[in-house]
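Visitor:
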Amino acid sequence: MTDGSLALTEARAKVAGDVIRAIAGDGARLRADQETAVAALCEAAARVLVVQATGWGKSAVYWAATAIRRSEGFGPTLVVSPLLSLMRDQVAAASRAGLRAATLNSNNIDEWSSIEHDLRSGAIDVLLVSPERLANPGFGRRVLDGISGQIGLLVIDEAHAVSDWGHDFRPDYRRVSDVLQRLNPKTPVLATTATANSRVTEDVAKQLGESTLVLRGPLARSSLQLAVVNALSPLDRFAWVVDELPKLPGSGIVYTLTVADAQRLAAVVQEAYGRDVPVAAYTGQLDAGERESLEDALRDNRLKALIATSALGMGYDKPDLGFVVHVGSPPSPVSYYQQVGRAGRGIDHAVVALLPSDADAGVWDYFATATIPVPENVQRLLQALGSYGPDAPATVPGLEAETGLRRTRVELMLKQLAVDGVVDRVEKGWVRTGAEWTFDAEHYDGIVSVRRREADIMRAYTRGDRCLMQLLQESLDDPSAEPCGRCSVCLGHLPEPLVAEPSAETVATITRLLRGEVHVLEPRKMWPGGAFGGRGRIPSELSADAGRIVVFADAPEWREILQGAFNASPPVGDAVEALKSGAVAALSKWRGSWSSRPEVVVPLAAGGHRELTSTVADHIAAVGRLERAELTVDRAAYTDDLSSAEEAKVWRDGLQVDAGAEQSVAGRTVLLLVDSTSSQWPVTVAAAKLRDAGAAAVLPLVLHKRP
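Residue 529 in this note's numbering is what sits at position 379 of the sequence shown, and the numbering runs on without skipping anything.
(1) State buried or exposed for T588, treating a residue as buried only when at least 16 other CB atoms are found within 10 Å of its CB.
(2) How big is the Cα-Cα spacing for G439 and N257?
(3) Using a Cβ-Cβ cut-off of 8 Å (strictly less than) and excluding sequence neighbours within five positions of I301, which residues of its own chain qualify?
(4) Going by C-alpha to C-alpha distance, which of V354, G296 and V734 sits closest to V306?
(5) Do the CB positions of A247 and I173 come within less than 9 Å of each other?
(6) Please tell me whether Q184 has its Cβ less than 9 Å away from any Cβ of chain B.
(7) Between V783 and A703, what straight-line distance do the alpha-carbon atoms span, to the nearest angstrom?
(8) Under 8 Å Cβ to Cβ from F289, same chain only, skipping five residues before and after it: list those, please.
(9) Using beta-carbon positions only, say whether V752 and L692 come within less than 9 Å of one another.
(10) Measure the alpha-carbon distance for V807 versus M563 and round it to whole angstroms.
(11) Would you kindly check if the distance between the Cβ of Y405 and the Cβ of Q488 is under 9 Å?
(12) Report the rounded CA-to-CA distance for R802 versus V835, giving the unit in angstroms.
(13) At what residue ranges does the stretch 493-567 contain a whole run of the alpha helix (DSSP H), taking only runs of 4 or more?
(14) Within its chain, find whatever has a CB closer than 6 Å to the CB of R349; leave out the 5 residues flanking it on each side and keep chain order.
(15) Taking 8 Å as the threshold, find out whether the stretch 172-191 comes into contact with the stretch 463-472 through three or more Cβ pairs.
(16) If we count the other Cβ atoms within 10 Å of its Cβ and call it buried at 16 or more, is S743 buried or exposed?
(17) Which of the three DSSP states is assigned to H769 in this structure?
(18) Which same chain residues, not among the five before or five after L712, have their C-beta less than 6 Å away from its C-beta?
(19) Below 9 Å between beta carbons: does that hold for A551 and P678?
(20) Are A377 and C637 close, meaning C-beta to C-beta below 9 Å?
(21) Use the C-beta contact count for T789: other C-beta atoms within 10 angstroms, 16 or more gives buried, fewer gives exposed.
(22) Please return the same chain residues whose Cβ sits closer than 6 Å to the Cβ of D695, not counting the five positions on each side in sequence.
(23) On the DSSP bridge assignment, give the partners of D574 in chain order.
(24) Can you say whether Y323 is buried or exposed, counting buried as having 16 or more other CB atoms within 10 angstroms of its CB?
(25) Please report the distance separating the alpha-carbon of S738 from that of D239.
(26) What whole-angstrom Cβ distance do A493 and G402 have, given they're in contact under 8 Å?
(27) In terms of alpha-carbon separation, which member of P832, P706 and T765 lies closest to P720?
(28) For R601 and D842, what's the separation of their Cα atoms in angstroms?
(29) So, using beta-carbon positions, are V513 and P481 closer together than 9 Å?
(30) Does the beta-carbon distance from L358 to V339 come in below 9 Å?
(31) Would a C-beta distance cut-off of 9 Å place R220 and D275 closer than the cut-off?
(32) Do K454 and V475 have their CB atoms nearer than 9 Å?
(33) Going by Cα to Cα distance, which pick from L532, E604 and S625 is closest to V581?
(34) Starting from F473, trace the beta strand (DSSP E) in both directions and tell me its first and last residue.
(35) Considering Cα atoms alone, identify which of W262, P232, D260 and A210 is closest to S245.
(36) Helix, strand or coil for M151 per DSSP?
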């Protein structure tokens, strides 16, 4: 509902006006819905949800409300915010508004004591924390318990993440409900987002309370000129970015779907232009300090672009961002709208280009189910947790070793189970609560169905079925959706400076550059435990050396080669020849850094491609004058859905170094040639067996390291 009857008193309007002018300049004033929201938040127990387009001024609402509440003697505002970059921008914005803001995060641990002291003394007006920090028991005991009764306003930023129907559900965000229960019941609560459709809006409003005031506005962005550059191969997309980047206005962001693509595309642009078109890769794998430095470099226009994953998304504020390009389509129109919303916030025109590919569908399928709990895995985790208690809680590394589940999966399941009240996070780990867990199949089936419908909308977007901005607005249930008149569909052509395809010369150059890359395969350090049985550090005398990878992940320059070599029966000759050349090139570049020159090559068809693996091994043996030896391989028990520990057990039971091979490898350096692997367990187990059989060293060479 929208209540336009709420208005600020004269005294409150003056305080709010001072804040808005400090933020936006002389002559600025609150919009009607902004004033309604601020007025509502001045009342006890208010619940307000603001769904407005990026750049509308949602943060101005809570700065104005905070200033009013503080002037009337209320306690500090607590803002739950998802990203360090967003928090840094908000601290700066609060300062411009005349408020003192601070944040407690992993990047400023040395400042925690003084910040907590200032918070207790009333010197801080706004405290910003991440949902993960909010869910931390130590933070709850040390900070939250002391101020929960005195909080003057609670703000939940990017509130779509509270809903598991949203495009960016984060289980820790659901723990905000714990804070709501600990608050003084008279504390007002504000939730804000730019990316919530009707279902997410209703879900978040329900979580806030029945009396929630919903203020929802039109979501069209007149400054954005949307375009789709279709019918490009994955490699063509890289070349298109190289050709077009210097022509794009100002500075901006180039999004990729994977970390590997971000790193490799950045390397290609750097190779092509050097310092003339400065770019950098930005991913969640960077530490907080490096991400902060790169954000500032883009903000100051010292970089032409950040080539980034979705780690650079919510909250990054650069009003003059001139373009956003997506190399690969996100799986959701809602997440796409959120990312392109970084552009054109403070300028009249920004270019937004999407470069889709049929290869994107595999990424979409992964994201559709990535956060859905697997009942068998949850039961395995709960069984392991049963042996721990409050005095000796379970740790994530311990549960990883005991269950054989990957650490990231263990962490996600624990957070989901905490939302359901089945487990509890205590200061030193995790314990069971005694509550039973049941798999809500209907609910999760509904989520997957929604995500697949969103993927269908993105397909319609890439086809250009109708106005691009209108389609995005409709996906967010915006009733004001209508043709924009300026996108590539409305115009009937690509807007300048965009072109339909890159130059053939650029494509050829990039192919050569990328196929010449060297990728290191770091050996696994630990056994998985669980079904495998053994756990703990892999002894050095059984470990592989650091290896090399010919084709890493979904490398676009190898896409046709992979299809011809791995998906055709028999393998296509040209594809096999390309992999032979790639393997020899990798060995040539590796030569200066291996522990000793390989003397015997042993093929391992971990992916089941025996003919291909044997052919490449024969070629390497001939070129390098190496002896050949064989492993006995039984992969009948292997399936793609095995846990880490189960897969390691399959390879332990299915690999054997026979007597003839033992004689060949004893005391010698072995080149272990593997066709393809995702987990590295076939490499790790085979290396251990070869070392146990007497090999002096094992150098793994993997033709394709799958993502």
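Just so you know, even glycine gets a beta-carbon here, dropped at the ideal spot from N, CA and C.
Guide: So, to answer that:
(1) One-based indexing of the sequence shown puts residue 588 at position 438. It counts as exposed.
(2) The count along the sequence shown starts at 1 and reaches residue 439 at position 289. The count along the sequence shown starts at 1 and reaches residue 257 at position 107. Whole-angstrom Cα-Cα distance: 7 Å.
(3) Translated into the one-based positions of the sequence shown, residue 301 becomes position 151. Within the same chain, I301 has close Cβ partners G225, P226, T227, L228, L333, N334 and T337.
(4) Working through the sequence shown from its first residue, we reach residue 306 at position 156. The residue asked about is misnamed: residue 306 is Ile in this sequence, not Val. I306 has its Cα closest to that of V354, out of V354, G296 and V734.
(5) In the sequence shown, the residue the question calls residue 247 occupies position 97. In the sequence shown, the residue the question calls residue 173 occupies position 23. Taking 9 Å as the Cβ cut-off, A247 and I173 qualify as a contacting pair.
(6) Among the protein chains of the structure shown there is no chain B, as only one such chain exists.
(7) By 1-based counting over the sequence shown, the position of residue 783 is 633. By 1-based counting over the sequence shown, the position of residue 703 is 553. Roughly 24 Å separates the two Cα atoms.
(8) For this step, residue 289 is matched to residue 139 along the sequence shown. Result list for F289: L254, V279 and R283, in chain order.
(9) In the sequence shown, residue 752 corresponds to position 602, counting from 1. In the sequence shown, residue 692 corresponds to position 542, counting from 1. Not closer than 9 Å, so no.
(10) Indexing the sequence shown from 1 puts residue 807 at position 657. Indexing the sequence shown from 1 puts residue 563 at position 413. Cα to Cα, V807 sits roughly 38 Å from M563.
(11) If you number the sequence shown from 1, residue 488 lands on position 338. If you number the sequence shown from 1, residue 405 lands on position 255. No, the Cβ-Cβ distance between Q488 and Y405 is not below 9 Å.
(12) What you label residue 802 is simply residue 652 of the sequence shown in a count that begins at 1. What you label residue 835 is simply residue 685 of the sequence shown in a count that begins at 1. C-alpha separation (whole angstroms): 6 Å.
(13) 510-519, 525-535 and 546-553
(14) Taking the sequence shown and counting its residues from 1, the one referred to as residue 349 is at position 199. Excluding sequence neighbours, R349 sits near W315.
(15) no
(16) Locating residue 743 in the sequence shown gives position 593, counting from the first residue. By the neighbour-count rule (16 or more Cβ atoms within 10 Å), S743 is not buried but exposed.
(17) Position 619 of the sequence shown holds residue 769. H769: helix per DSSP, three-state reduction.
(18) Mapped onto the sequence shown, residue 712 falls at position 562. Nothing meets the Cβ criterion.
(19) Counted from its first residue, the sequence shown places residue 551 at position 401. Counted from its first residue, the sequence shown places residue 678 at position 528. Taking 9 Å as the Cβ cut-off, A551 and P678 qualify as a contacting pair.
(20) Indexing the sequence shown from 1 puts residue 377 at position 227. Indexing the sequence shown from 1 puts residue 637 at position 487. It is a contact, given that the beta carbons lie within the stated cut-off.
(21) In the sequence shown, residue 789 corresponds to position 639, counting from 1. Burial call: exposed.
(22) Along the sequence shown, one-based indexing puts residue 695 at 545. Correct list, in chain order: S745, A847 and L849.
(23) For the purposes of this step, residue 574 is taken as residue 424 along the sequence shown, with counting starting at 1. DSSP output for D574 lists V581 as bridge partner(s).
(24) Within the sequence shown, numbered from 1, the residue matching residue 323 stands at position 173. By the 10 Å Cβ count, Y323 comes out buried.
(25) On the sequence shown, position 588 is the one that residue 738 refers to. On the sequence shown, position 89 is the one that residue 239 refers to. Near 48 Å, if we compare the C-alpha coordinates of D239 and S738.
(26) Position 343 of the sequence shown, counted from the start, is the residue given in the question as residue 493. Position 252 of the sequence shown, counted from the start, is the residue given in the question as residue 402. The Cβ separation is near 6 Å, so the contact holds.
(27) Here residue 720 refers to the residue found at position 570 of the sequence shown. Residue T765 is the option with its Cα nearest to P720.
(28) Here the question's residue 601 lines up with position 451 in the sequence shown. Here the question's residue 842 lines up with position 692 in the sequence shown. Roughly 48 Å between the two C-alpha positions.
(29) As a first step, residue 513 must be located in the sequence shown, where it is residue number 363. As a first step, residue 481 must be located in the sequence shown, where it is residue number 331. A contact, by the Cβ cut-off of 9 Å.
(30) As a first step, residue 358 must be located in the sequence shown, where it is residue number 208. As a first step, residue 339 must be located in the sequence shown, where it is residue number 189. Contact flag set, yes.
(31) Locating residue 220 in the sequence shown gives position 70, counting from the first residue. Locating residue 275 in the sequence shown gives position 125, counting from the first residue. It is a contact, given that the beta carbons lie within the stated cut-off.
(32) In the sequence shown, the residue the question calls residue 454 occupies position 304. In the sequence shown, the residue the question calls residue 475 occupies position 325. Contact flag unset, no.
(33) For the purposes of this step, residue 581 is taken as residue 431 along the sequence shown, with counting starting at 1. Ranking L532, E604 and S625 by Cα distance to V581 puts L532 first.
(34) Start at 1 with the first residue of the sequence shown, and residue 473 comes out as number 323. Residues F473 to V477.
(35) The residue given as residue 245 occupies position 95 in the sequence shown. Residue A210 is the option with its Cα nearest to S245.
(36) Sequence index remark: in the sequence shown, residue 151 carries index 1 (1-based). Confidence is the limiting factor: at M151 the pLDDT is only 39, short of 50, which leaves the residue's position unreliable, though a coordinate-based value still follows. Coil at M151, not helix or strand.
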